[in-house]
Each structure stands twice: as C-alpha cells, then as structure tokens.
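See below for the structure under consideration.
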Amino acid sequence: MAEKADVWQGTLALMVLRTLEVMGPQHGYGLARRIEQTSGNLLALNYGTLYPALLRLEQEGFIRSCWGASENNRRAKFYQLTKAGRRQGKKAAVEWEQTTEILSRFLRPVEEA
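Below is the structure:
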C-alpha cells in the first residue's frame with residue numbers, strides 16, 4: 002500500500018473552499034475526512050494544518066463558523082462558505098488549473114526532432 006502524501010503547500014484553502022461549496026456546512030473532522038476521501042485516500046490531512054487554515058479562511062472572510070451538534074451529538078464547530086469564499090474558490094481553481102497546465106508542459110516527454 003502506498004504511503005499517503007501530505008497536502009501540498011497552497012492547496013488546502015482551495016480544497017476546503019471547494020469541499021464546502023459541494024457539501025455545504027461541515028465540521029472540521031468531516032472536512033478532513035471528505036478531503037481525504039476525494040483524494041482517493043492518497044492525502045493525509047493533519048489537524049495541525051487544517052485548523053490554522055480554517056482560522057485563516059475565516060479571518061479573510063471566506064468562511065464563517067457556528068457551533069452545532071455533530072452526527073454523534075457532540076458539540077462541533079461547523080464551517081460554511083461565504084459569498085466572498087465562493088468567489089475566491091472559483092478564482093483559486095482557475096489559478097491552479099493554469100499552474101498545473103504550465104507544470105504539465107515540463108513533465109511531458111521531449112519530442113524528438
């Protein structure tokens with residue numbers, strides 16, 4: 002079985018924003034599990050990385066949080082996308098698509114002349 006990779010620098014915010022856009026409000030544990038599941042369980046999401054990212058996204062106005070009850074009736078903080086977060090998610094997705102297209106040019110085999 003392959004070892005899980007860490008989340009790449011600069012991609013976690015986009016993964017959080019897109020997950021909240023698709024799934025709606027989620028608590029931290031649910032977000033982490035969904036991001037890992039979406040990666041095909043190839044990524045390992047560290048809570049020491051996730052929660053500071055959630056705090057930063059909230060401070061930037063891209064998400065908001067409120068307390069509620071989780072599926073197992075425990076108190077949990079739920080995160081929800083804001084309008085600004087929806088715009089930021091779309092912008093970041095375009096930027097990453099451009100970045101990966103550029104990188105893919107370097108990874109393609111050089112055609113023989």
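Going letter by letter, the sequence shown gives residues 2 to 114 in my numbering. Think of the CB as a built atom: it goes at the ideal place given N, C-alpha and C, for glycine as much as any other residue. As the structure is a computational prediction, the values presented were derived from the model and not from experiment.
Endpoints, the alpha helix (DSSP H) within which residue i is located
i, result
"residue 32", "29 to 39"
Residue i, DSSP secondary structure in three states
i, result
"residue 63", "coil"
"residue 44", "strand"
"residue 11", "coil"
"residue 109", "coil"
"residue 79", "strand"
"residue 86", "helix"
"residue 116", "The question about residue 116 has no answer here: the residues shown for the chain are numbered 2 through 114."
"residue 49", "helix"
"residue 91", "helix"
Supposed close pair residue i, residue j - CB separation, criterion 8 angstroms
i, j, result
"residue 36", "residue 20", "6 angstroms"
"residue 52", "residue 69", "Not quite, the Cβ-Cβ distance comes to about 17 angstroms (not below 8 angstroms), so this is no contact."
"residue 94", "residue 43", "Not a contact, Cβ separation roughly 19 angstroms."
"residue 13", "residue 54", "5 angstroms"
"residue 58", "residue 111", "With 8 angstroms as the limit, residue 58 and residue 111 do not qualify as a contact, their Cβ atoms being about 40 angstroms apart."
"residue 26", "residue 81", "4 angstroms"
Count the C-beta pairs between the stretch 53 to 67 and the stretch 81 to 94 that are closer than 8 angstroms, then say yes if the count reaches three, no if not. Counting Cβ pairs under 8 angstroms, three or more are found: they touch.
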